[in-house]
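For reference, the structure is listed below as C-alpha cells.
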Amino acid sequence: MTSAAEFTGVTQSYGDTVAVDNLNLQIEQGKLTTLLGPSGCGKTTTLRMLAGYITPSAGTITINGADATRLPPEKRNLGMVFQSYALFPHMTVAENVGFGLKLRKVPAAQRRDVVMHNLDLVGLAHLADRKPKALSGGQQQRVALARAIAISPSLLLLDEPLSNLDARLRVQMRSEIRRIQGETGLTVVLVTHDQEEALEMSDTMVVMRAGKVMQTGAPATVFSTPANRFVADFLGYENFLTQSDGGLITVRPEHLRVTSADRTPQQPGLTVSAVVTDSVHRGVDHIVTLTTTDATGAAVTLVSTTRRDTLSTDDLGLHPGDTVVAQARDHEIVRLTPEK
Amino acid sequence: MRGRPILGSLAVLGYIIMIVPILFVVSTAFTAGDALTFPPQGLSLRWFGEALAYQPFVGALLSSLQLAVVSTLLALLLGVPVTLAIQRGKIPGKSLVEGLFLSPLVVPELVVGLALYQQIMIGLHQTSFVALLVGHTVLLLPYAVRVTGASLALADPAIEEAARGLGASPLRTFFSVTLPLLRPGIFSAGLLSFVTSFNNVPLSLLLQSRQFRTLPVTMLDYVQQSYDPMIAAMSTLILAGTVVIAVVAEKTLGFAKIFGGINK
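Same order as they appear, the protein sequences are chains A and B.
Using the working numbering, the letters of the first sequence correspond one by one to residues -10 to 329.
Using the working numbering, the letters of the second sequence correspond one by one to residues 579 to 842.
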C-alpha cells in the first residue's frame, strides 16, 4: 500500500492534557479514511496536525514521503473543509473557489475554467457570482468543498463537514462526497463522530479514544468484529456478558431474540435466562430491556430490538417481571479482547 | 411599558432630562434676536453665519479636525495590530496587555495631560500639537482595541485558517482576509475615536497653546466672556456633525457591537 500521509509516534499535549498519544497511522493513497470517535478522542487534533494548524509535541508526520511535521499550512498543498464552512464572506463564490489558484498565480482565464469546472462538480456553477451569505448551509458546504478541491490538493481533509446540515441533506452529501472522491481520485481524510457516516463512507475507518487508535480496518470488518468493548459500544453493540473463562462477549440488540421460557428452541450459541424490565415500541422497532446475571454473578442489562412487523402478537405480550430466555446464534456472538 | 408605570415614567423622565436641554440650545441658535434666551425671538440663520465667520472658531475647528483625524489614524495603526496580537497571537500575559491598552479609560485625563505637559512640552520642547497628538492617541487606543476586538471576536478563526491552507502566507492572509473581515470594526472604531477626540476637553484644555487650540476649548473660552446665540449656533453645528457620524456608525455596524458586542 502507498501512503499519502503517515504519522509516526505523534503525540500532542496541551499542558497536562494529552490530546493525541503516540499515534502511528498510515493514510492510504486514493482512499477515504475516516477518523471516528467521540468528542475529545483526538480525531480533530490529528486532522489539524496533518493540515499544519497544530505542531505535534513529538513524532513525525510525512506527506507523500516528505517530512512535513513543522511545515506551515500554506506549504502543504492540502484542501481543508471546515465544520463552519469558513468561506470568505467578502468574496463571491467564484472568488472563493479561485482564491488558492490566484495565490498559485494561475492566469485569470485558466483560473475561471478551473473554478467553473469545480463548481460544476458540486453542482453550483449557476451561483458563481453570489456572495456566500446568499447561499443555504448545504450550498456553502459545497462551495467550501469546491474551493478545497480546486487547488488539486495532495489530500482532501474534511473536519466534520456534515454535522451542521439537516438530517436529509447530510445523508445526501455522504454519497455526493463519495462520488466526488471517485471522480477526482483524491485521498480523503474525514473526521466524524457519526458512526453511520463512517460506516457508509469509508474505505478504512480508524476508531479513536482518548488520543489512541482503538481499531483500524474496513467498515464491514470493524462493524462485524469490533476489537474491544469501546469500539463495540460505539458501533451500537449493547449486550456485554463476561463468560466463565473471563472472556467478554457481545451481541447486537437486533441479534438478541427473546422467547418465553417454556418455548425455547434448542440451538447452539448463547442462551441465558432473564427477567423483563421494560417492553416498549420505538418507531418501527420493539425494544425489550432485560436483566440477568453473568458468569461472575454481576447483574447485567440486556437489550433486544425487533422489527415490529416481524413480531407475532404473542411476543408483544411481555410484561415487566416475566421470566424469559434470550438467545443469539454462534455467528452473532463477538468475542472481545480486553482494552489496551 | 404598559403594566410597568414606574419603569415607564423613569424612562420618559430620562429622555426628557437628556433631550430638553439640547432642544433649548438648538432652538435658541435659530433666534433672530441678540440674546441667548428662550423662547427665541423670531427665526433666523444669522447666528450660524456669524459663527462660521468668527475667525477663532474657524481656526479652532480646523485644528480640532486635524488633531482628530491624525490621532484617530495613529490609534488605529497601533490598535489593530495590538488587537490581533491579543486575540490571535500566542503571547503570554494576554489579559495584562489588554488591560494596559484599556487603562487610558480609567486613568484621569488630567493626570495624563499633566505628564505630557511636563515631559513633552517642557522636557522635549515640543509644540502643543505634538503633545495633544500623543495624548489623544493614548486616549483613543482603548476604543480602537475594544471595537476592532469586538469585530474580530465575531469573525470565525477558521476563515483565516482556510486562507492559510489554500496557500496564503500569514501576511497575505492578513491583507486578503483578516483586514476585509475587520473593515466594519475598523470603520466604527475610527468614527468613535474621531468623535471622542473632537469632543475632548480635559486634555485639550491642559495642553493648549496660543498657536494650537481645539474648538471645544475655544468655545469654553468664549462662553466665559460673552453669552450670545453664536455659541448655541456653533454647538448646534457640532451636534449635527456628531449625529451624522453616529447614524453612519449605527448603519454600518450597530451601536451594540461598537460598544464591545453587548448583544452579539
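Note that the Cβ used here is the ideal one computed from N, Cα and C, for glycine as well.
Neighbour flag for residue i against chain A, beta carbons, 9 Å
i	result
Leu759 (chain B)	yes
Arg742 (chain B)	yes
Glu687 (chain B)	no
Asp734 (chain B)	yes
Lys842 (chain B)	At Lys842 (chain B) the pLDDT is 35, less than 50, meaning the model places this residue with poor confidence; the figure from the coordinates comes in the next sentence. Chain A contact via Cβ: absent.
Chain A contact residues for residue i, given Cβ-Cβ distances below 7 Å
i	result
Ser747 (chain B)	Glu63
Ile737 (chain B)	Ala75, Phe77
Val755 (chain B)	Phe77
is_contact[residue i, chain B] using C-beta, thresh 9 Å
i	result
Ser346 (chain A)	The question about residue 346 (chain A) has no answer, for chain A in this structure spans -10 to 329.
Met69 (chain A)	yes
Ala137 (chain A)	yes
Gln350 (chain A)	Missing from the structure shown is residue 350 (chain A); chain A here goes from -10 to 329 and no further.
Gln18 (chain A)	no
Ala(-6) (chain A)	no
Gln128 (chain A)	no
Ala209 (chain A)	no
Ala133 (chain A)	yes
Asn66 (chain A)	yes
Gln184 (chain A)	no
Gln256 (chain A)	no
Gln72 (chain A)	yes
Close beta carbons around residue i, own chain, < 7 Å, minus the five adjacent residues each side
i	result
Val826 (chain B)	Leu769
Met808 (chain B)	Trp625, Glu628, Ala629, Tyr632
Met203 (chain A)	Val196, Met197, Ala216, Asn217, Phe219, Val220
Leu694 (chain B)	Ala709, Val712, Gly713, Leu785
Thr173 (chain A)	Ile138
Gly620 (chain B)	Thr609, Ala610, Gly611
Thr751 (chain B)	Glu738, Ala741, Arg742
Contact list for residue i against chain C, beta-carbon separation under 7 Å
i	result
Val658 (chain B)	The structure shown contains no chain C; its protein chains are A and B.
Span of the beta strand (DSSP E) around residue i
i	result
Ser262 (chain A)	259 to 271
Tyr3 (chain A)	-8 to 3
Thr51 (chain A)	47 to 52
Asn85 (chain A)	Note, Asn85 (chain A): premise wrong, no beta strand (DSSP E); alpha helix (DSSP H) at 82 to 92.
Ile16 (chain A)	6 to 17
Thr650 (chain B)	Segment 633 to 666 is the alpha helix (DSSP H) holding Thr650 (chain B); no beta strand (DSSP E) there.
Ile238 (chain A)	237 to 240
Ala317 (chain A)	312 to 317
Residues near residue i by beta carbon distance below 8 Å, same chain, minus five either side
i	result
Ser622 (chain B)	Phe608, Thr609, Ala610
Thr290 (chain A)	Thr266, Thr278, Leu279, Thr280
Ala75 (chain A)	Ala133
Val314 (chain A)	Val247, Thr248, Ser249, Ala250, Thr253, Thr260, Val261, Ser262, Ala263
Asp283 (chain A)	Leu230, Thr231, Gln232, Val289
Leu662 (chain B)	Leu730, Phe752, Thr756
Proximal chain B residues relative to residue i, where beta-carbon distance stays under 7 Å
i	result
Gly89 (chain A)	Leu744, Gly745
Ile276 (chain A)	The contacting residues do not exist; Ile276 (chain A) stays about 40 Å from chain B at best.
Ala40 (chain A)	Gly743
Own chain partners of residue i with C-beta closer than 6 Å, once the 5 adjacent residues on each side are dropped
i	result
Thr22 (chain A)	Ile16, Val178, Thr193
Leu151 (chain A)	Arg159, Met162
Ala47 (chain A)	Thr0
Ala733 (chain B)	Leu759
Met579 (chain B)	Model confidence at Met579 (chain B) stands at a pLDDT of 48, short of 50, so the residue's coordinates are unreliable; what they give is reported in the following sentence. So the list reads Gly586, once near-sequence residues are dropped.
Val269 (chain A)	Ile276
Tyr805 (chain B)	Leu614
Local conformation of residue i per DSSP, three classes
i	result
Val323 (chain A)	strand
Gln786 (chain B)	coil
Asn228 (chain A)	strand
Lys201 (chain A)	strand
Ile840 (chain B)	With a pLDDT of 39 at Ile840 (chain B), under the threshold of 50, the modelled position of that residue is not reliable, and the figure given next carries that caveat. Looking at Ile840 (chain B) - three-state DSSP - the assignment turns out to be coil, as it is neither helix nor strand.
Met579 (chain B)	Bear in mind that a pLDDT of 48 at Met579 (chain B), under 50, signals an unreliable position, so the number given afterwards is only what the model happens to contain. Coil.
Val795 (chain B)	helix
Ala40 (chain A)	helix
Gln255 (chain A)	coil
Gly586 (chain B)	helix
Ile276 (chain A)	strand
Thr609 (chain B)	coil
Ile597 (chain B)	helix
Listed by chain order, chain B residues near residue i by CB distance under 8 Å
i	result
Leu92 (chain A)	Leu744, Gly745, Ala746, Arg750
Ile140 (chain A)	Leu744, Gly745
Span of the alpha helix (DSSP H), counted from its first residue to its last, around residue i
i	result
His714 (chain B)	706 to 732
Gly346 (chain A)	Since the first residue of chain A shown is -10 and the last is 329, residue 346 (chain A) is not available in this structure.
Ser293 (chain A)	Where Ser293 (chain A) is concerned, there is no enclosing alpha helix (DSSP H), although the beta strand (DSSP E) it sits in stretches over 288 to 296.
Thr173 (chain A)	156 to 173
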